[in-house]
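What follows is a set of notes on a single structure, which appears directly below.
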């Protein structure tokens, strides 16, 4: 073990770790102050690295603790930074692999992650925002560039390097603290790359929230890239792109740009019908766009076909009566706008919303328990008939019976209607109609208590999303399916297979890997055998010079 260098107070030698263990508050305070003031003069690099690591963990565990700041920890860090900039020989020796490349005049993705995080913190508070805003244009352009390129950079410079010797040593040490091999490094690199992207989007959000740089952020190509950015399972607590999109939708200028991006609208629609934690944000964005008369008719035709499945939502997150809100927004100009202005599918969806939420609701109050019981018996008989037809392979006949049962089932019988929609959705999946299956399963999940908790519907919709190639939505449904079903700690084989498949498809570096493979194939092709373009026996004619050249 490395020898510790001790400060001396009175006749008692001590190191930083001895100080932190001291029980006497007066002695502890004096030792800490001296230890922090002299830390930059420590010659034992191993000791210094361990001390700084401990200070970091201590601060993260209790960020409100005023002890270290009051005794000069920030002055201590400033002295170490100054030493790093002035003493080039010290920076290149010993345990200083933990000192960022920025101190050596470089800025790799590892340093970018730290800088973006720091700028995001500063931009989050009124007192420090102006300091960052002074460099608004430069900060915005760099954050946008990092958000769109960081995943490819991390893959090219680190993850794709399969030999540990080829990777930057201090990157490996920072990622794993010297523990674990290539697999651990790859996992941490994925986590850090996702954080770098999400923190860049957070920095952009800080400016967008103050309605600054909206036109710059809403670059057409950037919005297209933004629609595909996702925190993923490794960074599931971050709203990632949807957080920035929602902030853009709060401003009129932002709504105008977002409504013109087909990729963003489709991403919001898919998110609104998923079991993702940020589902409510997708719905919020669509409602903001639909309430604005200047953007409403740009997105109505597309979003209507998705939101129609959500009109019976009761509560989601902290939003109560969300289905009623969706209904009011979709029907708010139903009497003003002539039906012929919509496509056939849109007209059909609007009529269905009106029938469920307006016409059929009128009769709920008049329905007594006797009528409900009679209707329930009839619906059960029709459902039994549908199940029998399904057992003998008559799927079309079963769908017709389910249609009839859904039409007769009272709105109050939410659990029974949930079951009917789920069964019909499974029938649609059996005949290959994935869109209809997703629609019915979404309706069933809206009727479940709590929302998105019906296992059968989640599994059916997960398979339907898989057929459509929507890996992210399929993965979230499958994970939710495993969570809501009790399997005594074991995951069913079919669910494990689906999760494994979708995790591979949604891997953060999947697109970067494919791009790299395509480039390698093109490179190999160009550097392979020459291609004979002339027919045998023919000589190549000399190209005549162009008189205009």
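Numbering (full-length UniProt numbering), first residue to last: 1 to 549. Just so it is clear, CB atoms sit at the ideal spot from N, CA and C, and this is done for glycine as well. Since the structure is predicted, the reported quantities are computational estimates derived from the model, not experimental observations.
As the crow flies, the alpha-carbon of residue 175 is around 53 Å from that of residue 350.
Looking at the DSSP output, residue 315 sits in a beta bridge with 320.
A distance of 8 Å or more separates the beta carbons of residue 199 and residue 256. When the beta-carbon positions are compared, residue 227 and residue 264 come within less than 8 Å of each other. With contact defined as three or more Cβ pairs closer than 8 Å, the stretch 466-482 and the stretch 182-193 are not in contact.
Remark: C-beta atoms of residue 136 and residue 72 do not approach each other more closely than 8 Å.
Separation of the CB atoms of residue 232 and residue 194 is rounded to 6 Å, and the pair is thereby assigned contact status at 8 Å.
DSSP, reduced to helix, strand and coil, places residue 487 outside both helices and strands of the structure shown, so it counts as coil. Judged by DSSP in its simplified three-state form, residue 261 adopts coil rather than helix or strand. Pairing residue 169 with residue 182 gives a Cβ-Cβ distance that is not under 8 Å. Residue 186 carries a helical assignment under DSSP once its states are collapsed to helix, strand and coil. The three-state reading of DSSP puts residue 470 in coil, since its state is none of H, G, I, E or B.
Secondary structure note for residue 450: it is in no alpha helix (DSSP H), with a DSSP letter that is neither H nor E.
Within a 10 Å sphere around the beta-carbon of residue 309 sit 16 or more other beta-carbons, which makes this residue buried. The C-alpha of residue 508 is placed about 25 Å away from the C-alpha of residue 492.
For the pair residue 83 and residue 144, the Cα-to-Cα distance works out to about 32 Å.
Contact between residue 307 and residue 272 is confirmed by a C-beta separation of about 7 Å, below the 8 Å threshold. Around the C-beta of residue 330, 16 or more other C-beta atoms lie within 10 Å, and the residue is accordingly described as buried. The C-alpha of residue 357 lies about 46 Å from the C-alpha of residue 129. Contact between the stretch 477-487 and the stretch 509-524 is absent: fewer than 3 CB-CB pairs across the two stretches fall below 8 Å. With contacts defined by Cβ atoms closer than 8 Å, residue 386 and residue 373 do not form a contacting pair.
Rounded to the nearest angstrom, the gap between the Cα atoms of residue 375 and residue 411 is 11 Å.
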